[in-house]
Amino acid sequence: MAELVLFWHRRDLRILDNVGLSAARARTPRVVGVFCLDSGILDRDDMAPVRVTYMMGCLQALEKQYEAVGSQLIILKAKPEEGIPRLARALNVDAVFWNQDVEPYAQARDRRVIAALQQNSIAVSTFWDQLLHAPGEILTNAGEPYTVYSPFWRNWSSKTKLEPCPTFRNAQGLTADEHAIAIEAGILPLPTAPELGFVWDAPLIVDPGEQAAKDILDYFCQNAIAEYQENRNYPAVLGTSLLSAPLKFGVIGIRTLWAATTLQLEDCRSDEVRASIQTWRQELAWREFYQHVLYAFPALADGPYRPLWQTFPWQGTDEQFEAWCTGQTGYPIVDAAMRQLNQTGWMHNRCRMIVASFLTKDLIINWQRGEKYFMQNLIDGDLAANNGGWQWSASSGMDPKPLRIFNPASQAQKFDPEAEYIREWLPELRSVDPEYLVTGKIPADQLQRTGYPQPIVDHAVQQRLFKQLYQQQKEG
Ligand SMILES: Cc1cc2nc3c(=O)[nH]c(=O)nc-3n(C[C@H](O)[C@H](O)[C@H](O)COP(=O)(O)OP(=O)(O)OC[C@H]3O[C@@H](n4cnc5c(N)ncnc54)[C@H](O)[C@@H]3O)c2cc1C
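As C-alpha cells, this is what we get:
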C-alpha cells in the first residue's frame with residue numbers, strides 16, 4: 004500500500020491552493036486530513052461564539068470536500084502534542100504535514116508536536132501557506148524585519164508572487180481497519196459549535212466553506228473591487244470584500260486572491276480602476292505586515308510596542324467601558340459601530356478605527372481591553388491584525404505618527420454624511436435629523452423622546468486631557 008500522510012489543518016480549512024496539502028498529495032495518494040479541537044484555544048476567554056460557529060461550518064464543508072475526493076477529514080479533541088502523535092503512531096503514518104502559523108501560541112505548540120513526533124520517529128514537513136511571502140523573506144537592507152509599513156509594502160510588492168497550487172481531484176483515505184484503529188486513538192464525529200459551548204443565533208455575515216469564500220471573491224471582483232478605493236471608506240456601502248473571516252481561517256488561498264487581482268488588472272481599462280485594485284492589494288499587504296511583525300516581535304501579543312505606553316495613566320471607568328461595549332456612549336457613530344459588531348460579529352474598518360480611537364483617546368481606557376472585546380466578538384478576530392489595528396489606533400505600536408486622534412463628529416460627517424449607517428444600527432434615532440446625528444449634537448427634547456443617552460464625555464475636554472497625560476508621560 005502507498006505511504007500514509009496525515010495533513011494537519013489549522014488555519015487552512017480548504018483543499019484548493021493549499022501549499023502543505025498539495026505537497027502531501029504530491030508525495031502520496033493516501034492523504035488524510037486531521038483537525039484537532041484544542042482546549043488551549045477553545046477554552047480561552049477571548050473566543051467569540053460567532054467565530055467558532057463560522058469555523059465549525061467551514062470544517063463541515065471541508066469534511067464533505069474530503070469525501071468528494073475519496074478521503075476523510077478526521078477530528079480529534081485533545082492537546083495537539085498528545086493527540087496528533089498518538090494518532091500518527093496508531094496509524095503508523097509515514098509523515099505528518101502542516102502549514103506554519105505566525106502566532107506565538109502556535110509556534111510553541113508546533114515545537115512540542117514536532118518533538119513528540121520525532122520521539123516516535125515520525126517525519127514532519129512544514130510549509131508557509133497563509134502569506135504570499137513568508138516571514139524572513141521581506142527584510143530591510145540590513146537584514147532586519149521591517150517595523151514601518153510603507154517600506155515593507157515597497158519591498159513586498161516588488162517581489163514575484165506564487166501562482167495558486169495545483170489542484171488534485173482524488174486521494175485515498177483510511178481502510179476500514181485503520182478507521183477502527185483511529186477511533187481507538189480518539190477520533191470523534193465533528194461536533195457542532197453549541198456542542199462545544201458556543202451559541203450564535205444570528206445569521207453569519209458570510210457563509211462558511213471554501214465554495215462560499217470563492218463566491219464572495221467572485222462577487223467582490225465583479226461588483227466592488229473597481230470602486231474599492233472610494234467606497235471602502237463608507238460604512239453604509241458594501242464596498243469591501245468581506246473576506247476577512249475566510250482569510251482568518253484560510254478558507255480561501257492567498258495566491259488565489261492575488262491571481263484574481265492580476266486578472267482584474269489585465270482586464271481593466273481605467274487608471275481609477277487600476278488604482279482601486281492596487282489599494283485592495285495594499286490591504287492584503289497590511290495583513291502580511293502585521294503577521295510578519297508579530298512573528299518577529301512576539302511580545303506585541305502581550306502589550307505595547309512603545310515602552311512609554313506600559314505605564315500610561317489610563318483614566319476611564321468600568322461604566323464607561325460598558326457603555327462603549329454596548330453602544331451607549333451618546334456618540335452615534337461609535338454606538339452604531341459597536342452595535343453592528345454585537346449584532347453581526349463584524350465591523351467596518353473605518354468604524355474599527357473610530358471606536359478604537361474613541362476608547363483610547365476619548366475614554367482614555369487601555370487599548371488592551373478593547374482588543375480583547377474585539378476578539379470576544381469578531382468573526383474575523385485575528386491576533387496579528389487585531390493587535391496591529393489596536394496598537395495603530397492607540398499610538399502604542401509601530402506607526403511612526405506619534406498621536407492619532409479621530410474626532411467622531413468629523414469622521415461621521417465625512418464618511419456617513421447622510422447618517423445612513425448610524426440610522427441602520429441605531430433604530431431609536433431614525434426619526435432624528437441626519438445633521439444632528441453626524442454632528443452628535445442632538446437637541447435635548449429629541450434625545451429625551453428617543454431614550455438615547457447624552458454623550459458620556461466631551462470630546463474636546465478629553466482630547467486636551469489625553470494630550471496633557473501623553474506629554475507628562477513623555478517627559479517621564
Ligand atoms: C482596531 C482594529 C482591529 C482590527 N481587527 C481585525 C481582526 O481581528 N481581523 C482582521 O482580519 N482584521 C482586523 N482589522 C483590519 C480590518 O478592519 C479588517 O480586516 C477589515 O475590516 C475586514 O473587512 P474586509 O474583509 O471587507 O476587508 P477588505 O477591505 O476587503 O480587505 C481585504 C483583506 O485585507 C486584510 N486587511 C484589510 N485591512 C487590514 C488592516 N488594516 N490590517 C490587517 N489586515 C487588513 C483583511 O484580511 C481583509 O479581509 C482591524 C482593524 C482595526 C483598526
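Here this note's numbering is used: the first residue of the sequence shown is 4, the next is one more, and so on.
Built from N, CA and C at the ideal position, the CB exists for glycine as well.
inquiry  = Once DSSP output is grouped into helix, strand and coil, what is the label at Thr129?
reply    = strand
inquiry  = With three or more beta-carbon pairs closer than 8 Å as the criterion, would you say the segment 406-413 touches the segment 272-279?
reply    = Too few Cβ pairs lie closer than 8 Å, so no.
The segment 20-34 contacting the segment 152-160, beta-carbon criterion three pairs below 8 Å = Verdict: no, contact absent.
message = I want to know whether the segment 32-45 touches the segment 68-75 - three or more CB-CB distances under 8 Å.
response = yes
key: Under 8 Å between C-beta atoms of Leu16 and Phe252   = Yes. Within cutoff.
ask   = Assuming Trp349 contacts Glu374 under a Cβ cut-off of 8 Å, what Cβ separation, rounded to an integer in Å, is found between them?
value = Between Glu374 and Trp349 the Cβ distance is about 16 Å, and since that is not below 8 Å, they are no contact.
ask   = Under 7 Å from any heavy atom of ligand 1, does the C-beta of Asp305 make it?
value = no
key: Buried/exposed call for Met58, threshold 16 Cβ in 10 Å   = buried
query = What separation, rounded to the nearest whole angstrom, lies between the Cα atoms of Ser244 and Pro167?
reply = 20 Å
task = Hey, could you find the ends of the alpha helix (DSSP H) Arg92 is sitting in?
result = 83-94
ask   = Can you tell me whether Val151 is buried or exposed, with buried defined as 16 or more other CB within 10 angstroms of its CB?
value = Exposed is the call here.
query = Exposed or buried, which one is Ser396 when buried takes at least 16 other CB atoms within 10 Å?
reply = buried
task = Using only the heavy atoms of ligand 1, determine whether one of them is closer than 7 Å to the beta carbon of Met356.
result = With a cut-off of 7 Å, the C-beta of Met356 is classified as near ligand 1, since at least one heavy atom of the ligand falls inside that distance.
ask   = Which term fits Ile186, buried or exposed, when burial requires 16 or more other beta carbons within 10 angstroms of its beta carbon?
value = exposed
request  = Give the single residue among Lys217, Lys364, Gly86 whose Cα lies nearest to the Cα of Asp113.
outcome  = The shortest Cα separation from Asp113 among Lys217, Lys364, Gly86 belongs to Gly86.
task = Identify which residue in Arg284, Val105, Glu421, Leu381 has its Cα closest to the Cα of Asn345.
result = Leu381
C-beta atoms of Ser399 and Tyr308 nearer than 8 Å = In terms of Cβ geometry, Ser399 and Tyr308 form a close pair [threshold 8 Å].
key: Cα-Cα separation, Gln285 to Gln371   = Answer to the nearest angstrom: the Cα atoms are 26 Å apart.
query = Quick one: is Arg272 buried, meaning 16 or more other Cβ sit within 10 Å of its Cβ, or exposed?
reply = exposed
CB of Phe100 within 8 Å of CB of Phe10, strictly = yes
ask   = For ligand 1, any of its heavy atoms closer than 7 Å to the Cβ of Tyr293?
value = yes
ask   = Tell me which same chain residues have a C-beta within less than 7 Å of the C-beta of Gln457, skipping the five on either side of it?
value = Gly333, Leu450
ask   = In three-state terms, what does DSSP make of Val37?
value = strand
ask   = What's the C-alpha gap between Cys61 and Gly306?
value = 31 Å
ask   = Between Thr282 and the rest of its own chain, which residues show a CB-CB distance below 7 Å, the 5 nearest in sequence each way excluded?
value = In chain order, Tyr231, Gln232 place their CB closer than 7 Å to the CB of Thr282, counting only its own chain and leaving out the 5 sequence neighbours on each side.
message = For Ala288, tell me which candidate among Ile125, Trp131, His136, Ser128 has the shortest Cα-Cα distance.
response = His136
Span of the alpha helix (DSSP H), counted from its first residue to its last, around Ala1 = With the chain covering only 4 through 479, there is no way to say anything about residue 1.
task = For my contact list, Ile367 and Ala340 are in at a C-beta cut-off of 8 Å; report their separation, rounded to the angstrom.
result = With a Cβ gap of about 19 Å, Ile367 and Ala340 do not count as contacting.
inquiry  = Taking the beta carbon of Asn123 as the centre, do at least 16 other beta carbons fall within 10 Å, making it buried, or is it exposed?
reply    = In summary, Asn123 is exposed, with fewer than 16 beta-carbon neighbours lying within 10 Å of its beta-carbon over all protein chains present.
key: C-beta contact flag for Pro52 and Ala196 at 8 Å   = yes
query = Based on Cα-Cα distance, which residue from Leu90, Leu134, Tyr108, Ala447 lies nearest to Ile125?
reply = Checked all of Leu90, Leu134, Tyr108, Ala447; the closest Cα to Ile125 is Leu90.
request  = Tell me, to the nearest whole angstrom, how far the beta carbon of Trp428 is from that of Arg353; I am working on the premise that it is less than 8 Å.
outcome  = About 14 Å separates the two Cβ atoms, so there is no contact after all.
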